[in-house]
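Chemist: I have a structure I would like to understand better, so I am pasting it below and will then ask my questions one at a time.
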Ligand SMILES: Nc1nc2c(ncn2[C@@H]2O[C@H](COP(=O)(O)OP(=O)(O)OP(=O)(O)O)[C@@H](O)[C@H]2O)c(=O)[nH]1
Ligand SMILES: Nc1nc2c(ncn2[C@@H]2O[C@H](COP(=O)(O)OP(=O)(O)OP(=O)(O)O)[C@@H](O)[C@H]2O)c(=O)[nH]1
Ligand SMILES: [Mg+2]
Ligand SMILES: [Mg+2]
Ligand SMILES: [Zn+2]
Ligand SMILES: [Zn+2]
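Protein chains in written order, with the working numbering: chain A, 1 to 211; chain B, 212 to 422.
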């Protein structure tokens, strides 16, 4: 528990910095291969060049994701955990060193591919997105409930594959809402772009200060 | 480190019991939704009714997998970790209580869906299988190397979806072998049954006592 409160202390510091600077920080969590990086790639591709956006991406090995994300012209950094199965606030804080946070409107944080551990670590984010792909099965919200319970939005990805997989999207929605009645849901395909209007709308809605 | 040696102590006990009884224990590791349960379902469906096989399946929540697997007539038990992101030897030992291990030819252990942590915990198994699905991306062996390094076989699943996904199977094979030159590979579809001959052959080959 001592370790967790140290995380929460740093997360609170980050949250205060983001709020002071009007930076929207979004934490992306999913199983390996659900399409977090693809979602961010397509999202960055849709932004105007002058948009003040940056990305931190965490993996236990390689900088593959950072390299993919760096192609869109916005600042991107790779956090290499070396073996730790989740990002924590301290890693994010270190990853942000030297970045001009005062001039950042949006900070995307792609977490390590893992449906279990990342959800336990507050990164100071304003919103959490869980990505579930139609190839994974409708019962995942029930089997990994903490991740879906603590998410603000579920992005149901790879809907282009629906004709070819035994996936009941309605059931997946129901399962997500059983675990988290407040969760919002958008259905997208990162390959075809279907559903991206709804995704952009949700994103912009997060930028509006509450109250 | 003290915790890990306790795990290794129990794993060694289990390994000795399996060897004494001639039980082949196989540990199945993958990301959530790659198809571990589907692979085991299809495998059990193909066994003669008299085969002395049993299955332990681990999840953080629900007994969905155990219920699916129980439909084939063989003994199945669910291990509910409650939150722990991997199975360890102690959980397996407890899960086996009351089972007549002397009369077991094969014990399948389905691990918690997670490409990071399960690989660090010896369960006393003879062989480790990592399941990777064609929907996850070819770079997963490089991004989660410990899991692929410590596996004896990679099952590349969902090959029925190859026409619809941007997946280079050859590259996935190369990446797996870069991390683990000794790894064996079979390509299957749990929905169509394609490739299952090779999977069964590998399984039977594990039953032959070494030397
Ligand atoms: N058919 C289809 N494939 C997709 C879609 N989105 C992503 N993919 C593919 O899914 C695979 C994994 O995508 P990634 O973006 O690497 O997934 P990720 O969640 O970032 O993976 P990790 O960071 O390793 O956890 C890649 O082969 C993508 O091309 C989609 O909408 N449809
Ligand atoms: N198209 C296709 N879908 C498959 C195949 N194998 C499994 N699936 C589907 O993939 C989804 C996940 O399968 P599961 O067997 O639950 O995967 P799992 O690895 O056991 O998942 P967890 O235990 O939760 O980690 C389900 O919707 C299956 O129907 C396949 O070969 N082809
Ligand atoms: Mg990624
Ligand atoms: Mg399963
Ligand atoms: Zn973890
Ligand atoms: Zn773990």
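Using N, Cα and C, we set each Cβ at its ideal position, and we do this for glycine too. These figures come from a predicted structure and were not determined experimentally.
In the DSSP assignment, what residue or residues form a beta bridge with residue 24 (chain A)?
Modeler: In the DSSP output, where bridge partners are listed per residue, residue 24 (chain A) has A:106.
Chemist: Measuring only the C-alpha atoms, how far is residue 415 (chain B) from residue 40 (chain A)?
Modeler: When rounded, the distance between both Cα atoms is 44 Å.
Chemist: Please list, in chain order, all residues with a C-beta atom less than 7 Å from at least one heavy atom of ligand 5.
Modeler: Per the Cβ criterion, the list is A:85, A:86, A:114, A:116, A:117, B:296, B:327 and B:328.
Chemist: Among A:171, A:88 and A:20, which has the Cα closest to the Cα of residue 103 (chain A)?
Modeler: The residue with the shortest Cα to Cα distance from residue 103 (chain A) is A:20.
Chemist: What three-state label does DSSP hand residue 52 (chain A) in the structure shown?
Modeler: Coil.
Chemist: Counting only the same chain and skipping the five closest in sequence on each side, list residues whose C-beta sits under 8 Å from that of residue 283 (chain B).
Modeler: Cβ within range, chain order: 252, 255, 256 and 258.
Chemist: In its own chain, which residues sit with a C-beta less than 6 Å from the C-beta of residue 172 (chain A), not counting the 5 before and 5 after it?
Modeler: Closer than 6 Å at Cβ, skipping near neighbours: 138.
Chemist: Output yes if chain B places a C-beta closer than 8 Å to the C-beta of residue 36 (chain A); else output no.
Modeler: Residue 36 (chain A) does not count as touching chain B.
Chemist: Got a sec, what are the start and stop residues for the beta strand (DSSP E) residue 419 (chain B) sits in?
Modeler: Careful: residue 419 (chain B) lies outside any beta strand (DSSP E) and carries neither H nor E.
Chemist: Assuming residue 391 (chain B) contacts residue 362 (chain B) (C-beta within less than 8 Å), just tell me the rounded distance between them.
Modeler: So it is a contact: roughly 7 Å between Cβ atoms.
Chemist: Is residue 272 (chain B) close to chain A? Criterion is C-beta to C-beta, closer than 8 Å.
Modeler: Chain A, which has a Cβ nearer than 8 Å to the Cβ of residue 272 (chain B), makes this yes.
Chemist: In chain D, what lies closer than 9 Å to residue 144 (chain A) by C-beta?
Modeler: Absent from the structure: chain D. Protein chains present are A and B.
Chemist: Please find out if some non-hydrogen atom of ligand 1 comes closer than 7 Å to the beta-carbon of residue 252 (chain B).
Modeler: Residue 252 (chain B): no, Cβ never under 7 Å from ligand 1.
Chemist: Quick test of your reading: residue 288 (chain B) and residue 277 (chain B), contact by CB under 8 Å. State the CB separation rounded to the nearest angstrom.
Modeler: With 8 Å as the limit, residue 288 (chain B) and residue 277 (chain B) qualify as a contact, their Cβ atoms being about 6 Å apart.
Chemist: Using three-state DSSP, classify residue 197 (chain A) as helix, strand or coil.
Modeler: Three-state result, residue 197 (chain A): helix.
Chemist: Using only alpha-carbon positions, find the residue among A:7, A:125, A:86 and A:16 that is nearest to residue 107 (chain A).
Modeler: Ranking A:7, A:125, A:86 and A:16 by Cα distance to residue 107 (chain A) puts A:125 first.
Chemist: So which of B:226, B:325, B:411 and B:217 has the shortest CA-CA distance to residue 364 (chain B)?
Modeler: Of the candidates B:226, B:325, B:411 and B:217, the one whose C-alpha sits nearest the C-alpha of residue 364 (chain B) is B:411.
Chemist: Rounded to the nearest angstrom, what separates residue 272 (chain B) and residue 240 (chain B) at their Cα positions?
Modeler: Taking the straight line from one Cα to the other gives about 17 Å.
Chemist: For the stretch 91 to 104 of chain A, enumerate the residues whose C-beta is nearer than 9 Å to any C-beta of chain B, in chain order.
Modeler: Those residues of the stretch 91 to 104 of chain A that come within reach of chain B (Cβ to Cβ, closer than 9 Å) do not exist; the list is empty.
Chemist: Quick check: what's the CA-CA separation for residue 367 (chain B) versus residue 188 (chain A)?
Modeler: One C-alpha to the other measures close to 25 Å.
Chemist: Work out the CA separation of residue 236 (chain B) and residue 422 (chain B) for me, nearest whole Å.
Modeler: Unreliable placement is indicated for residue 422 (chain B), whose pLDDT of 45 sits below 50; the coordinate value is still reported in the next sentence. Distance between the alpha carbons of residue 422 (chain B) and residue 236 (chain B) is about 18 Å.
Chemist: Taking only beta-carbon positions, decide if residue 344 (chain B) is within less than 8 Å of chain A.
Modeler: For residue 344 (chain B), the answer is yes, since a Cβ of chain A falls inside 8 Å of its Cβ.
Chemist: How long is the line joining the alpha carbons of residue 195 (chain A) and residue 177 (chain A), rounded to whole angstroms?
Modeler: If I take the Cα positions, the gap works out to 20 Å.
Chemist: The alpha helix (DSSP H) spanning residue 380 (chain B) covers which residue range?
Modeler: Run containing residue 380 (chain B): 380 to 390, per the alpha helix (DSSP H) assignment.
Chemist: Spatial neighbours of residue 274 (chain B) within its chain, please: CB distance less than 8 Å, with the 5 preceding and 5 following residues excluded, ordered by chain position.
Modeler: 289 and 291.
Chemist: Ends of the beta strand (DSSP E) at residue 187 (chain A)?
Modeler: Element bounds for residue 187 (chain A): 184 to 187.
Chemist: Considering just the uninterrupted stretch of the beta strand (DSSP E) at residue 289 (chain B), what are its terminal residues?
Modeler: Where residue 289 (chain B) is concerned, the enclosing beta strand (DSSP E) stretches over 287 to 291.
Chemist: Just jot down, in chain order, the residues whose CB lies closer than 5 Å to any heavy atom of ligand 4.
Modeler: Counting every residue whose Cβ lies closer than 5 Å to a heavy atom of ligand 4, we get B:247, B:248 and B:276.
Chemist: Measuring CA to CA, which of A:94, A:97 and A:128 is closest to residue 110 (chain A)?
Modeler: Here the closest residue by C-alpha is A:128.
Chemist: Can you tell me whether DSSP reads residue 262 (chain A) as helix, strand or coil?
Modeler: In the structure as shown, chain A begins at 1 and stops at 211. Residue 262 (chain A) is therefore absent and cannot be evaluated.
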